[in-house]
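Report on the following structure.
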Amino acid sequence: MYTIIFLALYVQVFFMVTFFERRKHLSGLHEEEVPVLSSYPTVAVIVPAWNESETVHGTIESLLNLDYPKDRLEVIVVDDGSTDDTWLQMNKHKNNPQVRLFQKENGGKHTAVNFGIDNTNADFISCLDADSFVAPDALKRIINIFQRKSDVMAVAPSLIVNKPKNILQHAQKVEYNMSTYNKRMLAYLGAIHVTPGPFSVFRKEVFQKIGKFKKAHNTEDQEIAYRMQENHMRIDHCHTAYVYTSSPNTVKKLYKQRLRWIYGFINNTIDYRRLIFKTRYGNFSFFTLPSGIISIIAVCYLSFALFYNLIIFVIKKITEISIKGFHLSFSPNLDWFFINTKTIVFVSVALYGLIIFSILVGTKLSKQGHGLHWHIIPYLLIYSVIAPFWLLKAVWNTITRAGQPKWR
Amino acid sequence: MKGFQKYFFVFLVTCGIFAVGWYLSAYVNGKKINQIKDIQNKIAIDILSSETQFSLLEELSCQDLSNSILSQEISTIADKINYSEQNVNATDEVQLLKKQYTILQVKDFLLTKRISERCKQKINTIFYFYGNKDACSECVKQGYVLDALREKYPSLRVYSFDFNLDLSTIKALTSIYKIQNSLPGLVINGKTFSGFKTVEDVEALLPKSLTNPPKPTLPATAKKVSQ
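Chains as they are written, first to last, in the working numbering: chain A, 5 to 412; chain B, 81 to 307.
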């Protein structure tokens with residue numbers, strides 16, 4: 005238990021130290037000003053769409069509203085064999101010269117994106133899931149990074165939960181804000197392990213040098229990041245480029261999404277295990293991958309420990325009730341003496357303090373407000389309870405080769 | 081910081097946080113131990129006071145005496161020692177406190193017995209000898225049985241002793257009452273029984289003056305220390 009808490013704390017301290025190292029850089033960024041670009045390279049944004057009739061129109065609209073010269077930006081929408089009205093919705097834009105529409109047989113998201121890559125000569129290629137919407141200045145901000153840093157080969161944006169309605173979505177919003185902080189710190193470390201489907205932008209050379217997207221356990225956006233790290237291609241993060249993405253609104257949908265993500269992480273990490281603990285791959289090798297593995301082992305261990313203790317507690321309670329009878333008692337023992345004051349409790353408080361710190365900084369970076377919001381409570385509660393389930397299931401599927409989780 | 085310097089620095093910071101956690105834990109646990117010590121001192125003074133009063137018995141009426149004997153806090157201290165045994169690292173100190181508590185229980189029993197003889201009050205006592213989980217799988221259940229009896233008959237005095245506690249008083253008690261290794265062991269009003277006893281089994285061994293009808297005479301004072 006102490007080892008697991010130590011490692012979890014180590015990861016958070018690593019992020020915090022990185023934050024304080026780069027605080028000056030962060031505060032020196034003029035986030036309010038939209039950058040003026042020296043030139044406008046051509047950009048293609050590929051929208052793979054499979055049964056996205058409800059959102060694809062809005063996604064295309066948000067791309068057309070990007071603050072970028074219209075003759076330098078093309079939107080490539082690929083209907084990946086949808087069985088609903090997606091193609092019909094796409095055709096609302098068929099007369100727009102900026103938009104190119106394609107239809108193909110269903111082959112999975114990666115095939116739709118690759119189809120788009122094959123049909124463009126743009127300098128920069130991006131992908132946007134058809135359930136996401138882009139802030140108008142996002143592309144300029146991202147291209148600005150490419151122009152300032154010639155060695156950057158891909159830039160990931162900040163993801164924000166679009167119009168959260170229920171508690172579950174608000175909890176995800178907190179999580180996404182924290183991810184912005186984590187991703188910003190990983191970018192400083194040169195150790196980003198995923199270029200998210202919603203609006204990560206790549207130089208076209210990436211695909212020319214290391215190939216296009218692969219199926220990669222239905223997490224092609226992770227795999228290409230692994231491949232880029234293996235080929236020493238730098239991935240940066242633009243925390244001021246906001247992409248608003250739809251989030252699962254039920255526990256079942258969230259469970260399926262996270263099962264796919266975690267299964268993808270485990271299996272991509274297994275596929276690329278040759279990168280772990282190799283000095284030539286830097287922090288990606290020594291920090292990102294090990295910390296991901298540690299978090300999975302930690303959650304598995306803590307879940308089993310919790311389950312075991314719960315069983316013991318229930319057995320004791322049943323024994324007690326069978327002997328003493330059932331009495332409802334509303335007078336809990338409030339004596340401070342019985343508060344757990346083991347070392348692990350104090351260290352866990354520090355760990356949670358650092359997690360809250362990361363949420364606070366992430367919320368500020370995402371421009372989602374200041375200070376603590378009460379949604380942090382449902383976030384910690386919901387994820388503590390249900391995260392072990394998708395995590396254990398992903399581990400189980402990997403061990404038993406039960407097959408990769410589907411998209412939906 | 082570059083390269084592995086940062087990894088080492090973060091390691092030191094993490095160790096530092098653990099050290100602070102350990103220090104805070106030791107500090108608060110020390111406060112807890114002191115609290116138990118304070119309570120035990122108070123009980124010891126109460127018992128000493130009662131013994132002194134008893135020596136002056138001829139000059140006191142039974143009513144005066146019964147109102148002053150023994151602290152009620154002796155029952156709460158058992159829970160605290162039990163909790164400390166499982167959650168506080170200072171094993172030696174907790175074991176010492178447990179020994180003191182055991183002696184206080186015996187002194188409480190002896191004094192109560194003398195007073196009851198002098199004042200013609202009938203008392204019912206149970207000595208409960210328990211062991212740890214490995215040595216006594218049914219001690220948890222026996223503890224619940226005694227808790228239930230204590231709640232049902234407030235005048236019943238239950239004294240709990242750790243059979244394995246390295247203390248001459250325990251050895252004397254086990255020798256007097258011929259307690260064997262087959263735990264849990266019960267001594268009900270001087271008669272020894274071994275093995276698990278249900279609530280009904282124990283009730284059948286208690287005098288009817290207590291079980292039917294139950295009329296409390298003296299408050300229950302002691303509880304088991306640990307399972």
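Beta carbons are placed, not taken as given, at the ideal position from N, Cα and C, and that holds for glycine.
The criterion of a C-beta distance shorter than 8 Å is satisfied by Cys131 (chain A) and Gly201 (chain A). Cβ-Cβ distances below 6 Å link Glu109 (chain A) to Gly85 in the same chain, with the five nearest sequence neighbours on each side left out; the list follows chain order.
Asn114 (chain B) counts as exposed, since fewer than 16 other beta carbons sit within 10 angstroms of its beta carbon. Close CB contacts of Phe276 (chain B) within its chain, under the 7 Å cut and outside five residues either way in sequence, are with Glu218, Lys221, Gln222 and Pro264 (chain order). By the Cβ-count criterion, Met5 (chain A) is exposed, with fewer than 16 other Cβ atoms from all chains shown falling within 10 Å of its own Cβ. Exclusion of the five residues before and after Lys160 (chain B) leaves Lys112, Gln115, Ile116 and Ile119 as the residues of its chain whose Cβ lies within less than 8 Å of its Cβ. Contact note: Phe89 (chain B) reaches chain A through Val21, using a C-beta cutoff of 8 Å and chain order. The alpha-carbon separation between Val225 (chain B) and Ser255 (chain B) amounts to approximately 25 Å. Val38 (chain A) carries a coil assignment under DSSP once its states are collapsed to helix, strand and coil. Around Met157 (chain A), the same chain offers Phe206, Arg207, Glu209, Val210, Met232, Met237, Arg238 and Ile239 as residues with beta carbons nearer than 8 Å, after the five sequence neighbours per side are excluded. Per DSSP, reduced to three states, the secondary structure at Tyr72 (chain A) is coil, with no helix or strand assignment. A straight-line Cα-Cα distance of about 21 Å links Ile390 (chain A) and Val353 (chain A). DSSP lists B:Phe209 and B:Ser274 as the bridge partner or partners of Gly265 (chain B).
In the assembly as shown, Gly366 (chain A) is a buried residue. Its beta-carbon has 16 or more other beta-carbons within 10 Å. For the pair His379 (chain A) and Ser251 (chain A), the Cα-to-Cα distance works out to about 15 Å. A:Thr7 is the residue among A:Glu25, A:Arg27, A:Pro52 and A:Thr7 whose C-alpha sits nearest the C-alpha of Phe98 (chain B). Rounded to the nearest whole angstrom, the CA to CA distance from Ile359 (chain A) to Val279 (chain B) is 50 Å.
For Glu78 (chain A), the pairing in a beta bridge is given by DSSP as A:Ala48.
Nearest CB-CB separation between Asn344 (chain A) and chain B: below the 8 Å threshold. When C-alpha distances from His241 (chain A) are compared across A:Leu279, A:Val255, A:Leu193 and A:Thr223, the shortest belongs to A:Leu193.
Apart from the 5 residues on each side of it in sequence, Met182 (chain A) sits with its Cβ closer than 7 Å to the Cβ of Ser362, Ile363 and Gly366 in its chain, given in chain order. Partner residues in the beta bridge of Pro161 (chain A), as assigned by DSSP, are A:Cys242. Within chain B, no residue has its CB atom less than 9 Å from the CB of Lys282 (chain A), the nearest being about 14 Å off. The shortest CA-to-CA distance from Leu30 (chain A) to any of A:Tyr356, A:Thr244, A:Ile274 and A:Ile315 is the one to A:Thr244. Of all residues in the stretch 104 to 120 of chain B, the ones placed with a Cβ closer than 7 Å to any Cβ belonging to chain A are Leu104, Ser105, Val108, Asn109, Lys112 and Gln115, in chain order. At a C-beta separation below 7 Å, Ala309 (chain A) has no neighbours in chain B, since its nearest C-beta there lies roughly 16 Å away. With a contact defined as Cβ atoms closer than 8 Å, Ser162 (chain A) and Thr184 (chain A) qualify at about 5 Å.
By the Cβ test, the stretch 204 to 216 of chain B is in contact with the stretch 233 to 244 of chain B, since at least three Cβ pairs between them sit closer than 8 Å. Residue-level contact check: Asp227 (chain B) touches chain A, since one or more beta carbons of chain A fall below 8 Å from its beta carbon. Per DSSP, Leu105 (chain A) is one residue of the beta strand (DSSP E) stretching across Val103 to Lys108.
Between Ala48 (chain A) and Val82 (chain A), the beta carbon gap of about 12 Å keeps them out of contact (Cβ cut-off 8 Å).
Counting only runs that start and end inside the stretch 207 to 284 of chain A, the alpha helix (DSSP H) elements of at least 4 residues fall at 208 to 214, 224 to 234 and 255 to 275. Here the stretch 165 to 175 of chain A lies against the stretch 247 to 261 of chain A, with 3 or more beta-carbon pairs under 8 Å apart.
With respect to chain B, the C-beta atom of Leu314 (chain A) has no partner C-beta closer than 8 Å. By the Cβ-count criterion, Asp172 (chain B) is exposed, with fewer than 16 other Cβ atoms from all chains shown falling within 10 Å of its own Cβ.
For Ser352 (chain A), the secondary structure class from DSSP, reduced to helix, strand or coil, is helix.
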